[in-house]
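**Student:** With the first letter of the sequence shown counted as 1, position 70 gets the number 70 in the UniProt record's numbering; the numbers rise by one all the way through.
A virtual CB, placed ideally from N, CA and C, is assigned to each residue, including glycine.
Quick caveat: nothing in here was measured; it's all calculated off a predicted structure.
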Amino acid sequence: MPGQRSPPVWSPANVTQWEAPTFGAAARFRVGATALLFVVAATGNLALMASVCGVRSRRHSASRLRPLMVSLASADLMMTFVVMPLDVVWNATVQWYGGDALCKLLSFLKLLAMYASASALVVIGLDRHRAIVRPLRALSARWRNRRMLALAWSLSLLLAAPQLFVFGAVEAGEVGDDFTQCATHATFSVRWQETLYNMFHFSTLYAIPLLVMSCCYGHIMLHINNTHMRDKGNPSKLRRSSSDGISKARMNTLKMTVVIVLSFVVCWTPYYLLGVWYWFQPEVVDFTPEYIHHSLFLFGNLNTCCDPLIYGFYTPSFRADLAACCRADRREPAAADFTLPVPHYTHPPFKEFNLRHRFQPLKSNSRPAGTKAQNVRLSSSKA
Numbered sequence: 001m002p003g004q005r006s007p008p009v010w011s012p013a014n015v016t017q018w019e020a021p022t023f024g025a026a027a028r029f030r031v032g033a034t035a036l037l038f039v040v041a042a043t044g045n046l047a048l049m050a051s052v053c054g055v056r057s058r059r060h061s062a063s064r065l066r067p068l069m070v071s072l073a074s075a076d077l078m079m080t081f082v083v084m085p086l087d088v089v090w091n092a093t094v095q096w097y098g099g100d101a102l103c104k105l106l107s108f109l110k111l112l113a114m115y116a117s118a119s120a121l122v123v124i125g126l127d128r129h130r131a132i133v134r135p136l137r138a139l140s141a142r143w144r145n146r147r148m149l150a151l152a153w154s155l156s157l158l159l160a161a162p163q164l165f166v167f168g169a170v171e172a173g174e175v176g177d178d179f180t181q182c183a184t185h186a187t188f189s190v191r192w193q194e195t196l197y198n199m200f201h202f203s204t205l206y207a208i209p210l211l212v213m214s215c216c217y218g219h220i221m222l223h224i225n226n227t228h229m230r231d232k233g234n235p236s237k238l239r240r241s242s243s244d245g246i247s248k249a250r251m252n253t254l255k256m257t258v259v260i261v262l263s264f265v266v267c268w269t270p271y272y273l274l275g276v277w278y279w280f281q282p283e284v285v286d287f288t289p290e291y292i293h294h295s296l297f298l299f300g301n302l303n304t305c306c307d308p309l310i311y312g313f314y315t316p317s318f319r320a321d322l323a324a325c326c327r328a329d330r331r332e333p334a335a336a337d338f339t340l341p342v343p344h345y346t347h348p349p350f351k352e353f354n355l356r357h358r359f360q361p362l363k364s365n366s367r368p369a370g371t372k373a374q375n376v377r378l379s380s381s382k383a
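(1) For GLU171, which beta-bridge partners are listed by DSSP?
(2) Please work out which residues of its chain come closer than 8 Å, Cβ to Cβ, to LEU147, disregarding the five sequence neighbours upstream and downstream, and give them in chain order.
(3) Taking the C-alpha atoms as reference points, what is the distance between VAL259 and ALA183?
(4) Are the beta-carbon atoms belonging to ALA120 and LEU205 less than 7 Å from one another?
(5) Buried or exposed: which applies to TYR97, given that a residue is buried once 16 or more other Cβ atoms fall within 10 Å of its Cβ?
(6) To which residues of the same chain is HIS129 closer than 8 Å at the C-beta, ignoring the five residues directly before and after it?
(7) Here's the rule I'm using: 16 or more other beta-carbon atoms within 10 Å means buried, otherwise exposed. How should PRO308 be labelled?
(8) Taking the CB atoms as reference points, tell me whether LEU37 and CYS305 lie closer together than 7 Å.
(9) Ends of the alpha helix (DSSP H) at TYR206?
(10) Leaving out five residues on either side along the sequence, give the residues of the same chain with a beta carbon under 8 Å from the beta carbon of ILE310.
(11) How long is the line joining the alpha carbons of VAL82 and LEU158, rounded to whole angstroms?
(12) For ALA33 and ASP76, which I take to be in contact (beta-carbon distance under 8 Å), what is that distance rounded to the nearest angstrom?
(13) Determine the closest residue to TRP279 out of ARG230, MET199, ALA47 and ILE208, with distance taken between C-alpha atoms.
(14) If you reduce the DSSP assignment to three classes, tell me which class VAL83 lands in.
(15) Check LYS97 in the structure and name its three-state DSSP category.
(16) How long is the line joining the alpha carbons of TRP30 and LEU222, rounded to whole angstroms?
(17) What residue from THR315, SER203 and PHE287 has the CA that sits closest to LEU254's CA?
(18) Does the segment 88 to 103 come close enough to the segment 45 to 54 to have 3 or more Cβ pairs within less than 8 Å?
(19) Here's the rule: buried if 16 or more other CB atoms are within 10 angstroms of the residue's CB, otherwise exposed. What is SER71?
(20) Look up ALA42 in the DSSP assignment and say whether it is helix, strand or coil.
(21) Looking only at its chain, what residues have a beta carbon closer than 7 Å to the beta carbon of ALA35, apart from the 5 residues adjacent to it on each side?
(22) Taking 7 Å as the threshold (C-beta atoms), are VAL123 and LEU102 in contact?
(23) Using a Cβ-Cβ cut-off of 6 Å (strictly less than) and excluding sequence neighbours within five positions of ALA141, which residues of its own chain qualify?
(24) Give every residue of the same chain whose Cβ lies closer than 7 Å to the Cβ of ILE292, excluding the five residues on either side of it in the sequence, and list them in chain order.
(25) By the three-class DSSP mapping on this structure, what secondary structure does ARG239 have?
(26) Please work out which residues of its chain come closer than 8 Å, Cβ to Cβ, to ASP100, disregarding the five sequence neighbours upstream and downstream, and give them in chain order.
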């Protein structure tokens, strides 16, 4: 249900069918849960953005994935700071108090964030497909990814733009005095037009991206299986660390992206299925419990919290950055008095253990090997 509030307790096609929403127990639970998700998503995605853009990540072998993760984190942050606060305030106030312009703008930004997140996952899938199936073309991956990201954000802006014309602040006199909602009333003359509009966004926002990602990762799995079966009879290839021609770092990145896509599918599929059911059978809203709508929308927003957790689980540099921040906060000032300055080396400096054992001073009863050999030669010559 792109851009629409969940649950749909009114019919946008006819103002006389509207039913005034209430701030009941289910709505209060939704407000509290969304506020908690906001804190978790904001903390995780801001930390992800700082880690991906940091110096440690630039030295990481999977640096070509950095712009893709930045794009995904940006979309998640837009969902966090636009969709979640809007949902909290709107459910708490029951009706819309932001005016017509803010209604159009926030409806546009909400759909833009959803499109940007889905398109970023598509670009990540295409990048992983090219990296695994055609690794020899990896040299041009950085520029290709930047072009695909620019195209993805441009399409997201274009596809979300109709929200600026479809949505608006509508007064419903039949519900109560001065009752206003942000809805699509009077935009569609008949209901099938609204259903067609929603189905278009369902296809471009969920069905088509899911199809593209399924094809990419399905082909990747087929390629890995075929390569492994082809090399199975060659013991020399099986003894190598990369028997199928795929490095461990690349396989780890592939696992991470697959889990991110699965998180997107698991979190958003129930919400979209309920939306499709409602579009074709509007009477379903009459016998569906209100907490079902709230729970499915919250479950969809949970995907915004999962992305940084999945990235941190599969990325050691992200965990190292968090550990470094924790150590910096807990470090005692007195410890700096006993810290010796370490010069900067092009290569990793020697450890303290190596410095003690490699550069020990000579003992008084020891002499260099050359001196001993020289004494032996002198004694021989004298003899």
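**Tutor:** Judging by the given coordinates:
(1) One-based indexing of the sequence shown puts residue 171 at position 171. In DSSP, GLU171 forms a bridge with THR180.
(2) Taking the first residue of the sequence shown as 1, we reach residue 147 at position 147. Leu is not the amino acid found at residue 147; the sequence shown has Arg there. No residues qualify anywhere along the chain.
(3) Here residue 259 refers to the residue found at position 259 of the sequence shown. Here residue 183 refers to the residue found at position 183 of the sequence shown. Their Cα atoms are separated by approximately 35 Å.
(4) In the sequence shown, residue 120 corresponds to position 120, counting from 1. In the sequence shown, residue 205 corresponds to position 205, counting from 1. Going by C-beta atoms, ALA120 is not nearer than 7 Å to LEU205.
(5) Translated into the one-based positions of the sequence shown, residue 97 becomes position 97. With fewer than 16 Cβ atoms within 10 Å of its Cβ, TYR97 is classed as exposed.
(6) The residue labelled residue 129 in the question sits at position 129 within the sequence shown. The answer, listed in chain order, is CYS216, TYR217, HIS219 and ILE220.
(7) Working through the sequence shown from its first residue, we reach residue 308 at position 308. PRO308 should be labelled buried.
(8) One-based indexing of the sequence shown puts residue 37 at position 37. One-based indexing of the sequence shown puts residue 305 at position 305. Yes, Cβ-Cβ distance for LEU37 and CYS305 is below 7 Å.
(9) The residue given as residue 206 occupies position 206 in the sequence shown. TYR206 -> no alpha helix (DSSP H), and no H or E assigned at all.
(10) Position 310 of the sequence shown, counting from 1, holds the residue named residue 310. Correct list, in chain order: MET256, VAL259, ILE260 and SER263.
(11) Translated into positions along the sequence shown, residue 82 becomes position 82. Translated into positions along the sequence shown, residue 158 becomes position 158. Approximately 19 Å, taken between the alpha carbons.
(12) For the purposes of this step, residue 33 is taken as residue 33 along the sequence shown, with counting starting at 1. For the purposes of this step, residue 76 is taken as residue 76 along the sequence shown, with counting starting at 1. In fact, because the Cβ distance is near 17 Å, the residues do not count as touching under 8 Å.
(13) As a first step, residue 279 is located in the sequence shown; it is residue number 279 there, counting from the start. Considering only alpha carbons, the answer is MET199.
(14) In the sequence shown, counting from the first residue as 1, residue 83 sits at position 83. The three-state reading of DSSP puts VAL83 in helix, counting H, G and I together.
(15) In the sequence shown, residue 97 corresponds to position 97, counting from 1. In the sequence as displayed, the identity of residue 97 is Tyr instead of Lys. Residue state, collapsed to three classes: coil.
(16) Looking up residue 30 in the sequence shown gives position 30. Looking up residue 222 in the sequence shown gives position 222. The sequence given here places Arg at residue 30; Trp does not occur at that position. The straight-line gap from Cα to Cα measures roughly 42 Å.
(17) Working through the sequence shown from its first residue, we reach residue 254 at position 254. Closest option to LEU254, Cα to Cα, is THR315.
(18) no
(19) Here residue 71 refers to the residue found at position 71 of the sequence shown. Burial call: buried.
(20) Here the question's residue 42 lines up with position 42 in the sequence shown. Helix at ALA42.
(21) Your numbering for residue 35 matches position 35 in the sequence shown. Only VAL88 meet the Cβ criterion.
(22) As a first step, residue 102 is located in the sequence shown; it is residue number 102 there, counting from the start. As a first step, residue 123 is located in the sequence shown; it is residue number 123 there, counting from the start. No, the Cβ-Cβ distance between LEU102 and VAL123 is not below 7 Å.
(23) One-based indexing of the sequence shown puts residue 141 at position 141. Cβ neighbours of ALA141 beyond the five flanking positions: ARG64.
(24) Locating residue 292 in the sequence shown gives position 292, where the first residue counts as 1. If we look at ILE292 and ignore the five residues flanking it on each side, it has no Cβ neighbours.
(25) As a position in the sequence shown, residue 239 is number 239, starting the count at 1. Only weak support is given to the placement of ARG239: the predicted model assigns it a pLDDT of 49, under 50, and the value that follows is read from those uncertain coordinates. It is coil, neither helix nor strand.
(26) In the sequence shown, the residue the question calls residue 100 occupies position 100. If we look at ASP100 and ignore the five residues flanking it on each side, its Cβ neighbours are GLY168 and ALA169.
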